[in-house]
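Here's the structure we're looking at; comments come further down.
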Ligand SMILES: [Zn+2]
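In our numbering, the protein residues as written are 48 to 175.
Dropping the structure here:
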């Protein structure tokens, strides 16, 4: 259990309780981070300490340019906050959120998170 990846914890927690919104856990429902908490029997604080990449800066994979403007105006946002945002605002399923987390959790340098997402747009240009 201690080597559980965050994406796996979200998927596991999603099987334990139906999806909820706006709260980590309420009425037996959990959001994406709440599901991860359930899986490790911990609190939201444990999520950040167990998976430090949660504090890395990233961007929302679903938002259009106006959210980027918001992000650059009010401060960059963390993986942790994007997970909550995808759950509450985009109403992504926790399985879908887990897929997104799985795609970024192997990158340990913030710049690489940026690069990976930018890279998807630049692939055709650079041919790499
Ligand atoms: Zn968004």
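Idealized CB from N, CA, C, for every residue including glycine. Please read all numbers here as calculations on a predicted model, not as lab measurements.
Subject >> Completely contained alpha helix (DSSP H) runs for the segment 53-80, where each covers 4 or more residues >> reply: Here the runs fully enclosed are 53-63.
Subject >> C-beta contact flag for residue 61 and residue 140 at 9 angstroms >> reply: In this structure, residue 140 lies closer than 9 angstroms to residue 61 by Cβ.
Original post:
Going by beta carbon distance, what residues of the same chain come within less than 6 angstroms of residue 98, once the five residues before and after it are set aside?
Top reply: Cβ within range, chain order: 53.
Original post:
In its own chain, which residues sit with a C-beta less than 8 angstroms from the C-beta of residue 162, not counting the 5 before and 5 after it?
Top reply: Confidence at residue 162 is low in this model, with a pLDDT of 47, below 50, so the placement of that residue should be treated as unreliable; the coordinate-derived value is given next. Cβ neighbours of residue 162 within its own chain (closer than 8 angstroms, five residues either side excluded): none.
Subject >> Closest Cα partner of residue 145 within the set 104, 85, 80 and 93 >> reply: Closest option to residue 145, Cα to Cα, is 80.
Subject >> Exposure label - residue 92; buried when at least 16 CB within 10 Å >> reply: In this structure residue 92 is exposed. Its beta-carbon is surrounded by fewer than 16 other beta-carbon atoms within 10 angstroms.
**OP:** Return yes when the C-beta of residue 150 is under 8 angstroms from any heavy atom of ligand 1, and no when it is not.
**Re:** In this structure, residue 150 has its beta carbon at no less than 8 angstroms from each heavy atom of ligand 1.
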